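The numbering used here puts the first residue of the sequence shown at 5, with every later residue one more than the last.
Virtual Cβ for every residue (Gly too), placed ideally from N, Cα, C.
A quick note: this is a predicted structure, and the numbers were derived from the prediction, not measured.
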Amino acid sequence: NQAVGNAISTAMLTTLKVAIPIVGLISVLTESGETKLRLNPVAFEAGSFSLDAAATSYLNEVARLLGERPDVTLSICGYAVEADKEALAKRGAARRTDGSQPSDSSGASAQPAEGATSPGGSPPSTGTPSAGPDVSAQRLLHLADRRARGVRDNLVEAHGIAHERLFLCGSKIDTAPGAQPRTDVLM
Numbered sequence: 005n006q007a008v009g010n011a012i013s014t015a016m017l018t019t020l021k022v023a024i025p026i027v028g029l030i031s032v033l034t035e036s037g038e039t040k041l042r043l044n045p046v047a048f049e050a051g052s053f054s055l056d057a058a059a060t061s062y063l064n065e066v067a068r069l070l071g072e073r074p075d076v077t078l079s080i081c082g083y084a085v086e087a088d089k090e091a092l093a094k095r096g097a098a099r100r101t102d103g104s105q106p107s108d109s110s111g112a113s114a115q116p117a118e119g120a121t122s123p124g125g126s127p128p129s130t131g132t133p134s135a136g137p138d139v140s141a142q143r144l145l146h147l148a149d150r151r152a153r154g155v156r157d158n159l160v161e162a163h164g165i166a167h168e169r170l171f172l173c174g175s176k177i178d179t180a181p182g183a184q185p186r187t188d189v190l191m
């Protein structure tokens, strides 16, 4: 029975890959006994949550896919990695030594108040969260969360994808050797 189930599952996933015409965007993820289709992750520079030109172009393709399939929903999961910790620590040290950004008594760089918005109504952003000498897990999770929200916001604001079709996962820190800064996109 298990062999038949695996064969059916493989056939179904192969059919879905063929039915979605974006070549190379899809892989299969099996987690906790649940099989999901995973689009290629959205890559980020270490320590940053800004979408670069390649990420924006990729999200254009994802939006096209969603436009063609209005019943598809996505889970968007932000990840931070060791390279983020190193990049944030290095930026924090550089800010402290050159005095380029004021800091509070904890040594962390000044940040806009939570909930503050720019004249356009969106939160002000430098594209990189600040970091003190020791980058905490909380700061890394905040970075991962900003990445996921940035991907979701791009799909909603730039492409008109309904907010209700895009679900944010709990952000995570990926400690695997060689893990890349990213946001995973799951169907």
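Quick check on residue i: does DSSP put it in helix, strand or coil?
i    : result
P116 : Interpretation of P116 is limited by its pLDDT of 34, a score under 50 that renders its predicted location unreliable; no figure is taken from the coordinates.
R99  : helix
A4   : Only positions 5 to 191 of the chain appear in the structure, and residue 4 is not among them; the question remains open.
A148 : helix
A141 : helix
S122 : Low confidence applies here, because S122 scores a pLDDT of 34, under 50, leaving its location unreliable; read the following figure in that light. Coil at S122, not helix or strand.
D157 : helix
K21  : Residue placement at K21 is poorly supported in this model, since its pLDDT is 48, which falls under 50; the coordinates still yield a value, given next. Residue state, collapsed to three classes: helix.
Tell me, please, which residues DSSP counts as bridged to residue i.
i    : result
I165 : Looking at the DSSP assignment, I165 forms no beta bridge with any residue, so it has no partner.
D188 : C81
L172 : I80
D178 : V85
A50  : DSSP output for A50 lists no bridge partner at all.
Closer than 7 Å by C-beta to residue i: which residues in its own chain qualify, once you throw out the five before and the five after it? Chain order, please.
i    : result
A87  : A50 and P185
S79  : F171, C173 and L190
A141 : I177
L89  : This sequence places Lys at residue 89; Leu is not what is there. Result list for K89: V139 and L144, in chain order.
If residue i sits next to residue j, beta carbons under 8 Å apart, how far is it from one beta carbon to the other, in whole angstroms?
i    : j    : result
G164 : L55  : With 8 Å as the limit, G164 and L55 do not qualify as a contact, their Cβ atoms being about 17 Å apart.
L159 : A57  : The pair is not a contact, with the Cβ atoms about 16 Å apart (cut-off 8 Å).
L69  : R143 : The pair is not a contact, with the Cβ atoms about 33 Å apart (cut-off 8 Å).
Check for me: the alpha helix (DSSP H) holding residue i runs from which residue to which?
i   : result
S61 : A57 to E72
Residues in its own chain within less than 6 Å of residue i by CB, not counting five upstream and five downstream?
i    : result
G82  : A148, D149, R151, A152, S175 and T187
T183 : Note on identity: in this sequence residue 183 is Ala, with Thr being the wrong assignment. If we look at A183 and ignore the five residues flanking it on each side, its Cβ neighbours are V85.
R169 : T77
G119 : Caution is warranted here: a pLDDT of 36 is assigned to G119, below 50, making its placement in the model unreliable, and the coordinate value is therefore given only provisionally. If we look at G119 and ignore the five residues flanking it on each side, it has no Cβ neighbours.
T60  : none
Considering only residues of the same chain and omitting the five flanking positions on each side of residue i, which have a CB-CB separation below 8 Å?
i    : result
T179 : V85 and E86
L63  : V46, L55, V155, N158, L159, A162 and H163
For the ligand SAM, any of its heavy atoms closer than 8 Å to the Cβ of residue i?
i   : result
P45 : Because no ligand of any kind appears in the structure shown, any question about the ligand SAM cannot be addressed here.
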